[in-house]
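Q: These protein sequences, in sequence, are chains A and B. The working numbering puts the first residue of the first sequence at 1, with every later residue one more than the last. The working numbering puts the first residue of the second sequence at 1001, with every later residue one more than the last. All C-beta atoms in this analysis are idealised placements derived from N, C-alpha and C, irrespective of residue type, glycine included. Just so it is clear, the structure is predicted and the values come from calculations on it, not from any experiment. Dropping the structure in here first, questions after.
There are 2 protein chains.
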Amino acid sequence: MSAKTEKTSSEPVEALRLDRQLCFALYGAANRVTRLYRPLLEALGLTYPQYLAMLVLWEASPRTVGALGEALDLESSTLTPLLKRLETQGLVARTRDPEDERRVVVTLTEAGAALRDKARAVPEQLFCKLNIQLDELGDLRERLKALAV
Amino acid sequence: MSAKTEKTSSEPVEALRLDRQLCFALYGAANRVTRLYRPLLEALGLTYPQYLAMLVLWEASPRTVGALGEALDLESSTLTPLLKRLETQGLVARTRDPEDERRVVVTLTEAGAALRDKARAVPEQLFCKLNIQLDELGDLRERLKALAV
DNA sequence: TGTTATTAAATCGTACACGATTAAATCGTT
DNA sequence: AACGATTTAATCGTGTACGATTTAATAACA
Chain A
1 MSAKTEKTSS EPVEALRLDR QLCFALYGAA NRVTRLYRPL LEALGLTYPQ
51 YLAMLVLWEA SPRTVGALGE ALDLESSTLT PLLKRLETQG LVARTRDPED
101 ERRVVVTLTE AGAALRDKAR AVPEQLFCKL NIQLDELGDL RERLKALAV
Chain B
1001 MSAKTEKTSS EPVEALRLDR QLCFALYGAA NRVTRLYRPL LEALGLTYPQ
1051 YLAMLVLWEA SPRTVGALGE ALDLESSTLT PLLKRLETQG LVARTRDPED
1101 ERRVVVTLTE AGAALRDKAR AVPEQLFCKL NIQLDELGDL RERLKALAV
């Protein structure tokens, strides 16, 4: 019996391969999709995470940093610098909530709200770059949402 | 007719929502899976991308930086610093290929090869944290691989 | 044979992502 | 009212990601 097929090690090594396959696919897909967005978002002056934050704000504008973090599943250590950059670009305003000075309220500016028009074409442009049918989209989304708590 | 339901804008806005749904799911899933790996990999002294690089090397050890980048879908600008950290930890060696001095060959050290044993338990531990059946895994992997070129 | 073109990694600047810690404000309980 | 516990953002340090540029080596070809 060769060392390669030794019983005590062959199963976990096989598991390593499976592990690699799913996680590579997820890791790679996320990186590649970010790369596909880049040229589309360049016209808007946004990065992909900034675009996601704007999508959330376009749905409901005065939002606390905490609420944004909840929606985006990000920590304040990630959001704070990102929001400061959006503020520098004049897309959002950051103010302390007078009701509770711990909270920071993020509000779309006129320019931030107006950017929504420019972003209208993005989803379709991106969808054209993706290799997926419209009716499969919902299923994949649900699987991904359910994958990890 | 209110501005909100204006015909020229309602459809693209709906598209924005769909866009948000798929891309949020992918972006969030990738971040959450990385977070799930973290405590498991801490015992190995590896980050998640470092673990992925080691998985590739455990399958075939002398690999050029370019070949690793191909396998991981990463640029040298990402890989070079990552590999230097693995080198600092004594897990890999980086040497110029004598045949072609442009290439850098990455080779597992004894310690790097030995780390594979410690990593044996990781896939199963992670799988337990994921909310997916074993038989759905292959399908999801293929969908993700096909999603973006 | 000498250029010129191409290739492979490294370097640089910008922007995430996160855990740990810190700072400030509010809450709860006495 | 007082003071310890909790909540909310910000800050800090480490480690990705990537496009653009640079450097060095090899290939191509006039």
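1. Does B/A1003 pass the burial test, meaning 16 or more other C-beta atoms within 10 Å, or should it be called exposed?
2. Can you tell me the Cα-Cα spacing of B/R1063 and B/A1121, whole angstroms?
3. Tell me, which residues are paired with A/D97 by DSSP?
4. May I ask you to list, following chain order, the residues of the segment 1118 to 1137 of chain B that have a beta carbon less than 8 Å from some beta carbon of chain A?
5. Thinking B/L1086 and A/A25 are a contact (beta carbons under 8 Å), I'd like their distance in whole angstroms, please.
6. Using 8 Å as the threshold, is the segment 1092 to 1112 of chain B in touch with the segment 1121 to 1135 of chain B, meaning 3 or more CB pairs across them?
7. Tell me whether A/G28 is buried or exposed, calling it buried when 16 or more other Cβ atoms sit within 10 Å of its Cβ.
8. Hey, which unbroken runs of the beta strand (DSSP E) at 3 residues or more fall wholly within the segment 68 to 136 of chain A?
9. Is the beta carbon of A/A111 closer than 8 Å to that of A/G235?
10. Mind checking the segment 16 to 44 of chain A against chain B and listing, in chain order, the residues whose C-beta falls within less than 7 Å of any C-beta there?
11. Between the segment 44 to 68 of chain A and chain B, which residues of the former have CB atoms less than 9 Å from a CB of the latter, in chain order?
12. Determine whether the beta carbon atoms of B/L1044 and B/L1108 lie at a separation below 8 Å.
13. Considering only their Cβ atoms, is the gap separating B/V1065 from B/S1076 smaller than 8 Å?
14. Name the chain A residues that come within less than 7 Å of B/R1141, Cβ to Cβ?
15. So which residues on chain B does A/A111 lean against when the C-beta distance must stay under 8 Å?
16. Taking 8 Å as the threshold (beta carbon to beta carbon), is A/K73 in contact with chain B?
17. In whole angstroms, give me the CA-to-CA distance for B/L1068 and A/L126.
18. Got a sec: is the Cβ-Cβ distance from B/V1106 to anything in chain A below 8 Å?
19. Compute the Euclidean distance between the alpha carbons of A/R38 and A/Q50, then round it to the nearest angstrom.
20. Taking its Cβ as the centre, do 16 or more other Cβ atoms sit within 10 Å of A/V106, making it buried, or is it exposed?
21. Residues in its own chain within less than 7 Å of B/L1082 by CB, not counting five upstream and five downstream?
22. Can you give me the start and stop residues for the alpha helix (DSSP H) that B/V1149 sits inside?
23. Can you give the Cα-Cα distance for A/P123 and B/A1030, rounded to whole angstroms?
A: Inspection of the coordinates gives the following:
1. Taking the second sequence and counting its residues from 1, the one referred to as residue 1003 of chain B is at position 3. Low confidence applies to B/A1003: its pLDDT is 41, below 50, so where it sits in the model is not reliable enough to give any reading.
2. Position 63 of the second sequence holds residue 1063 of chain B. Position 121 of the second sequence holds residue 1121 of chain B. Here the C-alpha atom of B/R1063 lies approximately 25 Å from the C-alpha atom of B/A1121.
3. Taking the first residue of the first sequence as position 1, residue 97 of chain A is located at position 97. According to DSSP, which records beta bridges pairwise, A/D97 is partnered with A/D100.
4. Here the close residues are A1119, R1120, A1121, V1122, P1123, E1124, L1126, F1127, K1129, L1130, N1131, I1132, E1136, L1137.
5. Sequence index remark: in the second sequence, residue 1086 of chain B carries index 86 (1-based). Sequence index remark: in the first sequence, residue 25 of chain A carries index 25 (1-based). About 23 Å separates the two Cβ atoms, so there is no contact after all.
6. Taking 8 Å as the limit for Cβ pairs, the verdict is that the segment 1121 to 1135 of chain B does not touch the segment 1092 to 1112 of chain B.
7. Residue mapping note: residue 28 of chain A aligns to position 28 of the first sequence, counting from 1. Flag for A/G28 reads buried.
8. Runs found: 92 to 97, 100 to 108.
9. No answer is possible for residue 235 of chain A: it lies beyond the span of chain A, which begins at 1 and ends at 149.
10. For the segment 16 to 44 of chain A, the beta-carbon criterion of a distance under 7 Å to any beta-carbon of chain B is satisfied by L16, L18, D19, R20, Q21, L22, C23, F24, A25, L26, Y27, G28, A29, A30, N31, R32, V33, L36.
11. Cβ contacts with chain B: Y48, P49, Y51, L52, L55, V56, W58, E59.
12. Here residue 1044 of chain B is taken as the residue at index 44 of the second sequence, counted from 1. Here residue 1108 of chain B is taken as the residue at index 108 of the second sequence, counted from 1. Taking 8 Å as the cut-off, the beta carbon of B/L1044 is found no closer than this to the beta carbon of B/L1108.
13. Taking the second sequence and counting its residues from 1, one reaches residue 1076 of chain B at position 76. Taking the second sequence and counting its residues from 1, one reaches residue 1065 of chain B at position 65. B/V1065 sits close to B/S1076, with the two beta carbons spaced by under 8 Å.
14. Taking the first residue of the second sequence as 1, we reach residue 1141 of chain B at position 141. Listed along chain A, the residues sitting closer than 7 Å to B/R1141 by beta-carbon distance are Q21, L22, A25.
15. For the purposes of this step, residue 111 of chain A is taken as the residue at position 111 of the first sequence. Residues of chain B passing the Cβ test: none, with the nearest at roughly 18 Å.
16. Mapped onto the first sequence, residue 73 of chain A falls at position 73. One point to set straight first is that residue 73 of chain A is Asp, not Lys, in the sequence displayed. For A/D73, the answer is yes, since a Cβ of chain B falls inside 8 Å of its Cβ.
17. Walking along the second sequence from the start, residue 1068 of chain B turns up at place 68. Walking along the first sequence from the start, residue 126 of chain A turns up at place 126. B/L1068 and A/L126 have their C-alpha atoms some 28 Å from each other.
18. Counting from 1 along the second sequence, the entry for residue 1106 of chain B is found at position 106. Put simply, the CB of B/V1106 is far from chain A, with every gap to its CB atoms at 8 Å or more.
19. Sequence index remark: in the first sequence, residue 38 of chain A carries index 38 (1-based). Sequence index remark: in the first sequence, residue 50 of chain A carries index 50 (1-based). Just so you know, the alpha carbons of A/R38 and A/Q50 end up roughly 11 Å apart.
20. Taking the first sequence and counting its residues from 1, one reaches residue 106 of chain A at position 106. Result: buried.
21. As a first step, residue 1082 of chain B must be located in the second sequence, where it is residue number 82. By the criterion of a C-beta distance shorter than 7 Å, B/L1082 is surrounded in its chain by P1049, Q1050, A1053, once the five residues flanking it on both sides are discounted.
22. One-based indexing of the second sequence puts residue 1149 of chain B at position 149. Per DSSP, B/V1149 lies in no alpha helix (DSSP H) segment and is marked neither H nor E.
23. Within the first sequence, the letter at position 123 stands for residue 123 of chain A. Within the second sequence, the letter at position 30 stands for residue 1030 of chain B. If you take the alpha carbons of A/P123 and B/A1030, they lie about 20 Å apart.
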